[in-house]
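If you're matching positions, the sequence shown starts at 300 in the numbering used here and goes up one per residue.
Just so it is clear, CB atoms sit at the ideal spot from N, CA and C, and this is done for glycine as well.
From a predicted model like this one, the values you see are computed outputs, not experimental measurements.
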Amino acid sequence: MPFSYKTESKEFGKALLEMAIRAHREQISQYVSKDNMHSFQHGRSWLTVREDGTEESSFKEAGVELSIGYEDLIKNDINQFFQFLNTFIEGFTSQTMQGMFQTISESCEKIGNTVDQKEYVSQAEAFLEMLKKVEFSVNENGQVELPQIHVGTDAAEPLMQSLEAQDEEFHAEVERIKQEKSEAALLKEKERLNRYKGIDI
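The following block contains the structure:
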């Protein structure tokens, strides 16, 4: 924009950024609850406190390089503008998700909380072992939330077929583990809440 439109240009850039952030968060919400999304206004690192110690984490840079043709600008083709914006959002979201899954993978490997499918006779057996290693959580309403499973598009159908092919004994074991994990999650949440004054459940 011409220099005489500095204020308008600034407002336009601000509105554009807010639109991109909203769309980005909407895409991320497929994997992470919006209640667990937070924004940092300053700083580049933070401490994560766990039962086994404290770990420092830091931001990793993500960037998307895009271009829009000069001819599209002078033609005032608004569709090209939105296509440009959507490509940016999708690229940034893709990098964010890759970083998130990489961080989760590294954290699991550090404490040995992993399952190697090659060590099991079927995907279903590996799934069962994975379920044994997962800790269930409790939401703000005191309800147990089952964990999510994220697999590649090529792996989803074979996994479902392997699970559906199992006998009643296998599925009964899955339900037993889920019940056991749910009870453990509720007990842990009760113990956590009882550490606060005025809360006795």
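Contact between the region 383-394 and the region 339-357 is absent: fewer than three C-beta pairs spanning the two stretches fall below 8 Å.
Residues of the same chain with a CB within less than 6 Å of the CB of LEU430, apart from the 5 flanking positions on each side, are ILE476 in chain order. In this structure, LEU462 places its C-beta atom within 9 Å of the C-beta atom of PHE426. One alpha carbon belongs to GLU479, the other to GLU408, and they sit about 24 Å apart. In this structure the region 372-385 does not lie against the region 342-352, because fewer than three pairs of beta carbons, one per stretch, are closer than 8 Å. Within the same chain, GLU434, PHE435, SER436, VAL437, VAL443 come within 8 Å of ALA484 by CB-CB distance, once the 5 residues on both sides are set aside.
Contact check for ILE388 against ALA314 fails: the beta carbons are separated by 9 Å or more.
Taking 9 Å as the cut-off, the Cβ atoms of ILE448 and ASP351 do not count as close. The shortest C-alpha to C-alpha distance from ALA454 to any of LEU492, GLU428, SER421, PHE469 is the one to SER421. Assignment of beta strand (DSSP E) within the region 361-438, counting only whole runs of 3 or more residues, yields no such run.
An exposed status is given to ALA471, since fewer than 16 other beta-carbon atoms sit within 10 Å of its beta-carbon. Residue range 352-357 is occupied by the beta strand (DSSP E) that includes GLU355, with no alpha helix (DSSP H) assigned at that position. Per DSSP, the beta bridge partners of SER344 are SER357. Secondary structure note for SER308: its alpha helix (DSSP H) is the uninterrupted segment 305-327. By the C-beta density criterion, ALA423 is buried, having at least 16 other C-beta atoms within 10 angstroms. Annotation: the continuous alpha helix (DSSP H) that includes SER461 extends over 452-463. Here the alpha carbon of ASN440 sits roughly 47 Å from the alpha carbon of ILE367.
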